[in-house]
Amino acid sequence: RNNEQELPEDSVLLEDEDGNEILFTFLAIIHHEGKPYAILLPEEDEEAGVVIVEIIDLGKDTEHYEAVTEPALAEKLFERFRTEYGDIYDFED
């Protein structure tokens with residue numbers, strides 16, 4: 117989505133189901149079964165934990181982000197994130 121304001125390179129601005137804009141820090145991309153997923157951290161509420169979204173390519177340099185709502189898939193993606201990025205980020209148990 118194109119915005120008038122300049123965002124930091126590692127940030128993404130998304131809308132929730134109520135139309136509220138939320139700024140996220142982009143942490144990583146995890147590929148699973150041929151699909152890319154983004155691991156995002158809300159900048160205003162880091163205590164809430166990460167949000168995992170599927171990145172859907174709409175063509176013409178446009179992407180759509182679909183929240184992962186299936187608990188088993190979210191857990192699998194988060195565990196891969198912990199394994200692959202454990203030396204970069206600190207995780208709370």
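In this note's numbering, the protein residues as written are 117 to 209. Heads up, the beta-carbon is just placed ideally off N, CA and C, and yes, glycines get one too. As the structure is a computational prediction, the values presented were derived from the model and not from experiment.
Inset, instruction - Grab me the residues of Glu131's own chain with a C-beta within less than 6 Å of its C-beta, minus the 5 sequence neighbours each way, in chain order. - result: Glu137
Inset, instruction - Express the C-alpha separation of Ile146 and Leu129 in angstroms, rounding to a whole number. - result: 19 Å
Legend entry - Helix, strand or coil at Thr185 according to DSSP, with G and I counted as helix: coil
Legend entry - Separation of Lys151 from Gly202, as counted between CA atoms: 22 Å
Legend entry - Lys151, DSSP secondary structure in three states: strand
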